[in-house]
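Numbering-wise (numbering that gives the first Met the number 0), the sequence shown opens with residue 0 and increments by one. Glycine included, each C-beta is placed from N, C-alpha and C at the ideal position. Here the structure is a predicted model, which means the values were calculated and not measured. Heads up: the structure comes next, in C-alpha cells.
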Amino acid sequence: MRRDSALTDELMPFVAWLATQPIPEDTRRSHREVTEAFLLWSRADHGTARGRRRRYEQQLSEGCPARLPAVQDGLDRWEQHRVLVARTAPSGER
Numbered sequence: 000m001r002r003d004s005a006l007t008d009e010l011m012p013f014v015a016w017l018a019t020q021p022i023p024e025d026t027r028r029s030h031r032e033v034t035e036a037f038l039l040w041s042r043a044d045h046g047t048a049r050g051r052r053r054r055y056e057q058q059l060s061e062g063c064p065a066r067l068p069a070v071q072d073g074l075d076r077w078e079q080h081r082v083l084v085a086r087t088a089p090s091g092e093r
C-alpha cells in the first residue's frame, strides 16, 4: 500500500513509540495497521472529531464485529501515544 506523506508523518512517531513497547511484533503491526485504517477512514468522516472513534467502532461492529477487539486495542494504544505526546510537547505546541 502506498502511503501519502501526511499519513506517513503522522504514523512515524507512533510506530517508533510502539517499537519501545513490550508487546509482540505481530501486535505492534496490528496496532499500526488499525491506526492507519482509522486515520484514512477519518479523512472521509463528515462528523465531529469528538465522536469519530465511536462512529468508526460502530461501523466496524456492524460490518466486521470479529475485528472490533483488535481495533479497540490498537486505537487504545494510539490514544495512549497521543496523550503522551500532548503531555510532553512544549507548551506552544499543545
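Query, Result
"Burial state of E35 (16 or more Cβ within 10 Å)", "buried"
"Whole runs of the alpha helix (DSSP H) within the stretch 0-53, excluding any shorter than 4 residues", "4-18, 24-43"
"Nearest to C32 (by Cα), restricted to the options S4, A69, T19", "Checking the sequence shown, residue 32 turns out to be Glu, not Cys. Among S4, A69, T19, the Cα nearest to that of E32 belongs to A69."
"CB contact flag (E56, L38, <8 Å)", "no"
"CB-CB length for L30 against G62, believed under 8 Å", "In the sequence as displayed, the identity of residue 30 is His instead of Leu. The Cβ separation is near 20 Å, so there is no contact."
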